[in-house]
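Chemist: Residues in the sequence shown are numbered from 4 upward in steps of one, following the working numbering.
All residues carry an ideal CB built from backbone N, CA and C; glycine is no exception.
Let me begin by handing over the structure; questions about it come next.
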Amino acid sequence: MNEFVNLKTASSSGSAPGLRERREALKRLHEVIQVHRDEMAQRVAEDFGRRATEETLLLEVFPILNGIRHAIAHMEAWMRPRGVAVSWLFKPASAQIVYQPLGVVGIVSAWNYPFWLTFLPLVDALAAGNRVLIKPSEIAPRSADLTGAIIRETFDPAHVNVVTGGPEVSKKFVSLPFDHLLFTGSTRVGKEVMKAAAENLTPLTLELGGKSPAIVHESYSLKTAAERIWTGKLYNAGQTCLAPDYALIPEDKVDEFVDVSRACVARLYPALAENPDYTSIVNQRHYERLMGLIADAMAQGAECLAFHNEGESFGNGSHVMPPVAVKRVTSEMTLMREEIFGPVLPVVPYQSLDDAIAYVNSRPRPLALYYFDNHRKRVNRVLNETVSGGVTVNDVILHVAQSGLPFGGVGPSGMGHYHGEAGFRRMSKEKGVFLQGRIASTAMLRPPYGRLARAMMGFLLK
Ligand code: NAD
Numbered sequence: 004m005n006e007f008v009n010l011k012t013a014s015s016s017g018s019a020p021g022l023r024e025r026r027e028a029l030k031r032l033h034e035v036i037q038v039h040r041d042e043m044a045q046r047v048a049e050d051f052g053r054r055a056t057e058e059t060l061l062l063e064v065f066p067i068l069n070g071i072r073h074a075i076a077h078m079e080a081w082m083r084p085r086g087v088a089v090s091w092l093f094k095p096a097s098a099q100i101v102y103q104p105l106g107v108v109g110i111v112s113a114w115n116y117p118f119w120l121t122f123l124p125l126v127d128a129l130a131a132g133n134r135v136l137i138k139p140s141e142i143a144p145r146s147a148d149l150t151g152a153i154i155r156e157t158f159d160p161a162h163v164n165v166v167t168g169g170p171e172v173s174k175k176f177v178s179l180p181f182d183h184l185l186f187t188g189s190t191r192v193g194k195e196v197m198k199a200a201a202e203n204l205t206p207l208t209l210e211l212g213g214k215s216p217a218i219v220h221e222s223y224s225l226k227t228a229a230e231r232i233w234t235g236k237l238y239n240a241g242q243t244c245l246a247p248d249y250a251l252i253p254e255d256k257v258d259e260f261v262d263v264s265r266a267c268v269a270r271l272y273p274a275l276a277e278n279p280d281y282t283s284i285v286n287q288r289h290y291e292r293l294m295g296l297i298a299d300a301m302a303q304g305a306e307c308l309a310f311h312n313e314g315e316s317f318g319n320g321s322h323v324m325p326p327v328a329v330k331r332v333t334s335e336m337t338l339m340r341e342e343i344f345g346p347v348l349p350v351v352p353y354q355s356l357d358d359a360i361a362y363v364n365s366r367p368r369p370l371a372l373y374y375f376d377n378h379r380k381r382v383n384r385v386l387n388e389t390v391s392g393g394v395t396v397n398d399v400i401l402h403v404a405q406s407g408l409p410f411g412g413v414g415p416s417g418m419g420h421y422h423g424e425a426g427f428r429r430m431s432k433e434k435g436v437f438l439q440g441r442i443a444s445t446a447m448l449r450p451p452y453g454r455l456a457r458a459m460m461g462f463l464l465k
């Protein structure tokens, strides 16, 4: 790929950009995104068939602008070499960690938040002083074209560039010898990306998916929990990597939870089929996939409750799908084995908190876990006894919006972190540097080994 060769050549010939140049690049990006923000919302709406402008501005444009401002404010401190203590044996020498750009970073992004998932990794890569090549998702083609236009308007192609295309282009892309590759997408494709990157020993950050549970403790207000769970679930009609995938509810409260869920969905979306606030499923393939999950669950005895007004009709060429709560699920159903990625919420009963924790721990480690409880000790217990990419307590998704928190999965939900300082470090070489003093204490340990060396050894080996 010529775009890659040009970036690589520029990276090996030029010196790394300093603080001023990095800030300028990020400020320029901030300005250009401000100019195009409404167009961004429009492109996403066209790609999805329907998504509210407010949703794109809130969930895509705002996090990007916020991420840029956070990086501009903190980059100087992040870039500063960090002194670390040296053992008395080596004094008066000193040691420090120096942060150096890795070179050329590749970013492959998913379609569900096409701008957020492309520009936020870009911000971290630029803060760390890298050059970047981007491959947006072909499933949101209008957004991908605008991404290309924004990048060309903002950057020299020897600094940041974009290539577009589907899996074939992407396969070539991930086999290039990047200095770091950040991939956002499915766990299945993540495995292929890792194989391709292994050929070049390219370091990877994998931002993948999975089934993120929401556990509601019996003492917690069902109404508040339902409101927060469904709000997060129905952003982008459930097509969110961090959406609560299923809810674990005390067994004697399942029916009440479904009732309050219905009321709460009706408050959020008084109508659904024609409601401009309610996002459409991205395409026919995903619409059919979701319908297939429901058909499979029903065939195996699940009860599926669609939340919409009487008389509203769906389908008819549109991909708008009403929210669905699913009761009586079993582990054999496809919707309990695969990430749902749509407005369908299985409600799984549990008897005790032990059971709920065991249920989560017997499944692949999720990208996020949500726990609703005001009891500090129990919250700590859940935090200690489960492993997930991140956690929001008493709400959903919001940990991702904290610039100070590292973001990333664990095991099948991903590896490595980005956002803010975590992203800066991830895309920097953290180079360990030892600075010998004018007097080198280690001179005492050279041959010929005499009494002094042996006395020192005695000390070291005690
Ligand atoms: P996907 O894996 O199908 O595609 C992601 C990207 O990979 C696209 O750009 C695509 O062109 C490319 N691609 C496809 N096949 C490829 C191959 N064989 N080799 C190399 N690249 C290939 O994922 P998707 O459908 O776009 O996104 C949905 C998934 O992404 C969900 O699992 C979701 O949970 C996950 N996701 C994760 C995060 C996160 O931050 N952890 C964020 C958003 C989405």
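Quick one: is the Cβ of Ser140 within less than 7 Å of any heavy atom of the ligand NAD?
Modeler: As a position in the sequence shown, residue 140 is number 137, starting the count at 1. Yes.
Chemist: Provide the residue(s) that pair with Asn164 in DSSP beta bridges, ordered along the chain.
Modeler: Start at 1 with the first residue of the sequence shown, and residue 164 comes out as number 161. For Asn164, which the question treats as bridged, DSSP gives the partners Leu136.
Chemist: Compute the beta-carbon to beta-carbon distance between His220 and Asp358, rounded to the nearest angstrom, for a pair I have assumed lies under 8 Å.
Modeler: Walking along the sequence shown from the start, residue 220 turns up at place 217. Walking along the sequence shown from the start, residue 358 turns up at place 355. His220 to Asp358, Cβ: 12 Å. No contact.
Chemist: Exposed or buried, what is Gln439 when buried is set at 16 or more other beta-carbons lying within 10 Å of its beta-carbon?
Modeler: Translated into positions along the sequence shown, residue 439 becomes position 436. The residue in question, Gln439, is exposed, as its Cβ has fewer than 16 Cβ neighbours within 10 Å.
Chemist: Assuming contact is defined by CB atoms lying nearer than 8 Å, are Leu207 and Val107 in contact in what I supplied?
Modeler: What you label residue 207 is simply residue 204 of the sequence shown in a count that begins at 1. What you label residue 107 is simply residue 104 of the sequence shown in a count that begins at 1. Cβ atoms of Leu207 and Val107: not closer than 8 Å.
Chemist: How about Ala113: is its Cβ closer than 7 Å to a heavy atom in the ligand NAD?
Modeler: On the sequence shown, residue 113 is found 110 positions in, with the first residue counted as 1. Yes, Cβ of Ala113 sits closer than 7 Å to a heavy atom of the ligand NAD.
Chemist: Please classify Phe437 as buried or exposed, where buried requires at least 16 neighbouring CB atoms within 10 angstroms.
Modeler: To locate residue 437, count along the sequence shown from 1; it is residue 434. When all chains shown are included, Phe437 counts as exposed.
Chemist: Go ahead and label Pro273 buried or exposed: buried means 16 or more other beta carbons lie within 10 angstroms of its beta carbon, across all protein chains shown.
Modeler: On the sequence shown, residue 273 is found 270 positions in, with the first residue counted as 1. Answer is exposed; the Cβ neighbour count stays below 16.
Chemist: Mind checking whether Gly213 and Gly412 have CB atoms under 8 Å apart?
Modeler: As a position in the sequence shown, residue 213 is number 210, starting the count at 1. As a position in the sequence shown, residue 412 is number 409, starting the count at 1. Contact: yes.
Chemist: In this structure, how does DSSP classify Gln45 when only helix, strand and coil are distinguished?
Modeler: In the sequence shown, residue 45 corresponds to position 42, counting from 1. Helix.
Chemist: Among Leu448, Gly461 and Ser444, which has the Cα closest to the Cα of Ser97?
Modeler: Numbered from 1 along the sequence shown, position 94 holds the residue referred to as residue 97. Ser97 has its Cα closest to that of Ser444, out of Leu448, Gly461 and Ser444.
Chemist: Could you compute how far the alpha carbon of Glu313 sits from the alpha carbon of Leu275?
Modeler: Within the sequence shown, numbered from 1, the residue matching residue 313 stands at position 310. Within the sequence shown, numbered from 1, the residue matching residue 275 stands at position 272. Answer to the nearest angstrom: the Cα atoms are 11 Å apart.
Chemist: Spell out the partners DSSP gives Tyr2 in its beta bridges.
Modeler: There is no way to answer for residue 2, as the model of the chain reaches only from 4 to 465.
Chemist: Return the chain-ordered list of same chain residues with a C-beta closer than 6 Å to the C-beta of Pro409, the five sequence neighbours on each side being excluded.
Modeler: Within the sequence shown, the letter at position 406 stands for residue 409. Within the same chain, Pro409 has close Cβ partners His420 and Ala425.
Chemist: Near His183, what residues of its chain come up, given a Cβ to Cβ distance below 6 Å and the 5 sequence neighbours on each side ignored?
Modeler: Start at 1 with the first residue of the sequence shown, and residue 183 comes out as number 180. Excluding positions up to five away in sequence, the list reads Leu105, Val108, Pro206 and Met430.
Chemist: Cβ of Thr337 within 7 Å of any heavy atom in the ligand NAD?
Modeler: Here residue 337 refers to the residue found at position 334 of the sequence shown. No, Cβ of Thr337 sits at least 7 Å from all heavy atoms of the ligand NAD.
Chemist: Could you check if Val385 is buried or exposed, using at least 16 other CB atoms within 10 Å of its CB as the buried criterion?
Modeler: One-based indexing of the sequence shown puts residue 385 at position 382. Buried is the call here.
Chemist: Threshold first: 4 residues or longer. Then list the alpha helix (DSSP H) segments lying entirely within the region 395–432, N to C.
Modeler: Segments of the alpha helix (DSSP H) lying fully in the region 395–432: 423–429.
Chemist: Measuring only the C-alpha atoms, how far is Val177 from Ala128?
Modeler: As a first step, residue 177 must be located in the sequence shown, where it is residue number 174. As a first step, residue 128 must be located in the sequence shown, where it is residue number 125. Approximately 17 Å between the Cα atoms of the pair.
Chemist: Verify the contact flag: Lys174, CB atom, against every heavy atom of the ligand NAD, threshold strictly below 7 Å.
Modeler: Counting from one through the sequence shown, the residue named residue 174 turns up at place 171. Within the cutoff, so yes.
Chemist: Would you say Cys244 touches the ligand NAD, meaning its beta carbon is less than 7 Å from a heavy atom?
Modeler: Indexing the sequence shown from 1 puts residue 244 at position 241. Yes; taking the cut-off as 7 Å, the Cβ of Cys244 has a heavy atom of the ligand NAD nearer than that.
Chemist: Could you give the uninterrupted runs of the beta strand (DSSP E) lying entirely in the region 42–111, keeping only those of 3 residues or more?
Modeler: You should have 85–87, 97–104 and 107–111.
Chemist: Just to confirm, does Thr187 get its C-beta within under 7 Å of one of the non-hydrogen atoms of the ligand GDP?
Modeler: Absent from the structure shown: the ligand GDP. Ligands present: the ligand NAD.
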